[in-house]
Amino acid sequence: MKLTQIRNATLVLQYAGKKFLIDPMLAEKEAWDGFAGSARPHLRNPMVALPVPVEDLLAVDAVILTHTHTDHWDEAAQQAVPKDMLIYTQDEKDAALIRSQGFF
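My numbering numbers the first residue of the sequence shown as 787 and each following residue consecutively.
Put into structure tokens, the structure is as follows:
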């Protein structure tokens, strides 16, 4: 098993010959205002750039979403992830949301 942290909650997991992208937050550095109620709401998010091209992150067998908050599944990810990509969600509510966004 190999687990690579990309940034924030975004990870790449390689296991048993498969590769998974977990919680893709793919927006450009500082694309959004800071998160209200956080320890540092004045800091824009994401705070760092992606360390690898988005195309490299999408070379996976599936996406795993722990939940659908913006810092785990942002608009940039929704645009970049192929609509036919296998996506695992935690529950039917999140699965319904993903389907409503055009994913299978």
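Note that CB positions come from ideal geometry on N, CA and C, so glycine has one too.
For a cut-off of 8 Å, the C-beta gap from Asp-847 to Lys-804 is around 5 Å, short enough to register as a contact. Val-849 and Leu-807 do touch by the CB rule: their CB atoms are close to 5 Å apart, below 8 Å.
Relative to the Cα of Ala-866, the nearest Cα in the group Leu-843, Arg-830, Thr-790 and Gln-876 belongs to Leu-843. By the criterion of at least three beta-carbon pairs nearer than 8 Å, the segment 808 to 819 is in contact with the segment 787 to 795. Per DSSP, the unbroken alpha helix (DSSP H) holding Arg-885 starts and ends at 878 to 886. The alpha-carbon of Ser-824 is positioned some 18 Å away from that of Lys-815.
Per DSSP, Ala-863 is not a residue of any beta strand (DSSP E); the alpha helix (DSSP H) it occupies stretches across 861 to 866.
Excluding sequence positions up to five before and after Trp-818, its CB lies within less than 7 Å of the CB of Arg-830 and Asn-831, all in the same chain and listed in chain order. With a cutoff of 7 Å on beta-carbon distance, Thr-875 and Leu-836 are scored as not near each other.
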